[in-house]
Amino acid sequence: MAIIALHQVSKRYPGGFEALKAVSFSVEPGEMLFLTGHSGAGKTTLLKLIAAIERANGGTVLVNGQNVSSMRSGAIPYLRRNLGLVFQGQKLLYDRSVFDNVMLPLIVTGQPYREAARRARAALDKVGLLTREKANPVTLSGGEQQRLCVARAVVNRPAILLADEPTASLDSAYADEIMEMFNAFHQVGVTVLVATHDQQLIGKYRKRVLALDHGRLQ
Amino acid sequence: MRVWLQHHRLSLAQTTARLARSPLATTLNVLAIGVALALPFGVYCLLANLESLSRKVSVDPQLTVFLARDAGRADVATVEGRLKSARGVRSVRFISRDAALADLGHAGGMDEVIASLPQNPLPDAFVVTLSTSDPALADRLELEFKNLPKVAFVQADSAWVRRLDALLRLGRTGVVLLAGLLAIALVAVTFNTIRLQILTQREEIELCRLIGATHAYIRRPFLHLGSLLGLLGGFAALAIVAAGLAFLNRDLATLAQLYGTDFRLSLPSPREMGSVLGAAAALGWLGAYLSVSRHLLEVGRK
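What follows is the structure, given as structure tokens:
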């Protein structure tokens, strides 16, 4: 069974802008795929529908067999705990350390502190930031900050990883580094969906590509 | 359960740290809440003191039964028997007309006037002490005694006490109204304080929602903050009231001395103080709850 399945999904924003028009596709568990398209094509909107940050106006969005577009709001937190999100705007908290940023998803989901600390350090180790755990995220370079975001997204061991333009502001060496991390998670069975407009990066991996054009899937 | 406790502990630690980080703003908020609470609580304390004073004064509710001037010894005995057997009477004291006249002479210094009278103008009288200060009992007995043979007039000594009682009741209603209004003010103060706090933590809240925080998790630290603010405000109110009573007592001591009593305003009981603190914390909690719920509704609608 598909882990993500969209059927005839449309999204119209107040004001009449149609971000998505009759989009249908499905993703198998453990698959890695790219979502591409020009800016404003609807990539971010699509990811937001999957994470229940936005609601579809029509069609169904199934994640793990649950219809996200008609989910009651009390169930949404539990859906999101199964997703690792790497946001476009990073959304790091600068009033606390690198370590505490990675701890947050574990605290929110109520992991016992010691177990959580162990997992946070493991995640930081995976992205090569273990030596910086006490630093404030402000002091990290752009690439390091993005790696921190990845660590925060995977620390809860989600089944699905959604990344929105994770390499947008990085030079190609850093971008490759991030992509390799996603690939590594894919290798261990995580479903990975990366939205990017970087065709060069997409070309390096032989993965399925979903191309959006003005809200329609090509 | 352990998770829940851990959440509470972390949230409380965060909350206290947050309050300590902005001591001036915290102090002002606490004072605003304290003053709002101190007003109704202070008036309540004054009323409670007045009430206990009025109770002290009217411990021995009395009726004075005056007999008709032509009442003979036999009539006096009959009336005395009836008075003593009436229900709700504790004791009956007879004051003969001669004794009353002599008393008047001693107390009033009117010996000469009295000596010039052709005859004693005073009637025989009974002072009846009632067993309880229930106004209904006094009314019933007054009516009953008035209808006894040879009784000319019954005077209730409790009329002014009853008037004071009515005034106090009016005061108590006023306190309830005042408390209600200021409770709303307290909720409004915490609502706004928490709202400001929410706005400064907007990003953290948004992020927590995105990584699967429930509404309960997001609310928790703010509910702690609201209750804590309310509680501190409650302590401030107690301090204000205690200081106010101490000031009043100093002036009152002179006045009481002039009247030859040792009346002083007493502090509220520990139970009353406890309920003020409890109410303050609960109202702070309510303000915080409303504030966070409003914010969650706003961001949820997007």
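Residue numbers (my numbering), protein chains in the order written: chain A, 246 to 463; chain B, 96 to 397. Using N, Cα and C, we set each Cβ at its ideal position, and we do this for glycine too.
Inter-residue Cα distance where the pair is residue i and residue j
{"i": "B:L327", "j": "B:V125", "result": "6 Å"}
{"i": "A:G460", "j": "A:Q253", "result": "12 Å"}
{"i": "A:A247", "j": "A:V272", "result": "5 Å"}
{"i": "B:I209", "j": "B:F189", "result": "21 Å"}
{"i": "B:L196", "j": "B:S211", "result": "13 Å"}
{"i": "A:A250", "j": "A:S314", "result": "12 Å"}
{"i": "B:L360", "j": "B:N144", "result": "6 Å"}
{"i": "B:L148", "j": "B:D346", "result": "17 Å"}
{"i": "B:R182", "j": "B:L243", "result": "15 Å"}
{"i": "B:L381", "j": "B:L318", "result": "8 Å"}
{"i": "A:F332", "j": "B:A120", "result": "35 Å"}
{"i": "A:G303", "j": "B:Y384", "result": "34 Å"}
{"i": "B:E146", "j": "B:D260", "result": "8 Å"}
{"i": "B:V270", "j": "B:D357", "result": "27 Å"}
{"i": "A:G434", "j": "A:G275", "result": "5 Å"}
{"i": "B:H102", "j": "A:S342", "result": "19 Å"}
{"i": "B:I306", "j": "A:R317", "result": "17 Å"}
{"i": "A:V383", "j": "A:Y339", "result": "6 Å"}
{"i": "B:L236", "j": "B:A247", "result": "15 Å"}
{"i": "B:L277", "j": "B:G373", "result": "15 Å"}
{"i": "B:V387", "j": "B:S117", "result": "21 Å"}
{"i": "B:S191", "j": "B:E207", "result": "21 Å"}
{"i": "B:L273", "j": "B:L134", "result": "8 Å"}
{"i": "A:E422", "j": "A:P411", "result": "11 Å"}
Chain-order list of residues whose beta-carbon lies under 8 Å from that of residue i (same chain, five-residue window excluded)
{"i": "B:A166", "result": "V174, P218, D219, K245"}
{"i": "A:G282", "result": "K288, H442, A456, L457, D458"}
Neighbourhood of residue i by C-beta distance below 6 Å, restricted to the same chain and skipping five residues each side
{"i": "B:G325", "result": "A375, A376, L378, G379"}
{"i": "A:S414", "result": "G387"}
{"i": "B:V371", "result": "F136, G329"}
{"i": "A:Y419", "result": "G388"}
{"i": "A:N428", "result": "none"}
Close-in-space but distant-in-sequence residues of the same chain around residue i (CB under 7 Å, 5 per side omitted)
{"i": "B:K397", "result": "Bear in mind that the predicted position of B:K397 carries a pLDDT of just 48, short of 50, making it too unreliable to give a figure here."}
{"i": "B:E239", "result": "A181"}
{"i": "B:V223", "result": "Q157, L158, V160, L178, V184, V187"}
{"i": "B:M368", "result": "L333"}
{"i": "A:N327", "result": "N309, P403, A404, I405"}
Distance cut-off 7 Å: residue i Cβ against heavy atoms of the ligand COA
{"i": "A:I298", "result": "Ligands in the displayed structure: none, and consequently the ligand COA is not present."}
Identity of the residues DSSP links to residue i by a beta bridge
{"i": "A:D409", "result": "A:A440"}
{"i": "A:L457", "result": "A:G282, A:L462"}
{"i": "A:H252", "result": "A:T305"}
{"i": "B:A220", "result": "B:F161, B:I190"}
{"i": "B:F248", "result": "B:F161"}
{"i": "A:E263", "result": "A:R257"}
{"i": "A:Q311", "result": "A:V308"}
{"i": "A:G329", "result": "A:L406"}
{"i": "A:F270", "result": "A:L251"}
{"i": "B:M368", "result": "B:M368 pairs with nothing; no bridge assigned."}
Q. Between the region 347-355 of chain A and the region 302-321 of chain B, do at least 3 Cβ pairs fall closer than 8 Å?
A. Inter-segment contact for the region 347-355 of chain A and the region 302-321 of chain B is present: three or more beta-carbon pairs are separated by less than 8 Å.
- Looking at chain A, which residues of the region 127-139 of chain B have a Cβ within less than 8 Å of any of its Cβ atoms? Those would be none; no residue qualifies.
- [ ] Decide yes or no for the touch test of the region 98-109 of chain B against the region 438-446 of chain A: beta carbon pairs closer than 8 Å, at least 3 of them.
- [x] In this structure the region 98-109 of chain B does not lie against the region 438-446 of chain A, because fewer than three pairs of beta carbons, one per stretch, are closer than 8 Å.
May I ask you to list, following chain order, the residues of the region 373-399 of chain A that have a beta carbon less than 8 Å from some beta carbon of chain B? For the region 373-399 of chain A, the set of positions with a beta-carbon nearer than 8 Å to some beta-carbon of chain B reads R397 in chain order.
| What residues in the region 353-372 of chain B have a beta carbon less than 8 Å from any beta carbon of chain A? | Here the close residues number zero.
Taking any Cβ of chain A, which residues in the region 316-332 of chain B have a Cβ under 7 Å from it, in chain order?
-> Contact residues of the region 316-332 of chain B toward chain A are absent (C-beta to C-beta distance below 7 Å).
- May I ask you to list, following chain order, the residues of the region 263-280 of chain A that have a beta carbon less than 8 Å from some beta carbon of chain B? Against chain B - using a Cβ distance shorter than 8 Å - the region 263-280 of chain A contributes no residues.
- Query: Using a Cβ cut-off of 7 Å, which residues of the region 400-424 of chain A contact any Cβ in chain B, in chain order?
  - Reply: Of all residues in the region 400-424 of chain A, none has a C-beta nearer than 7 Å to a C-beta of chain B.
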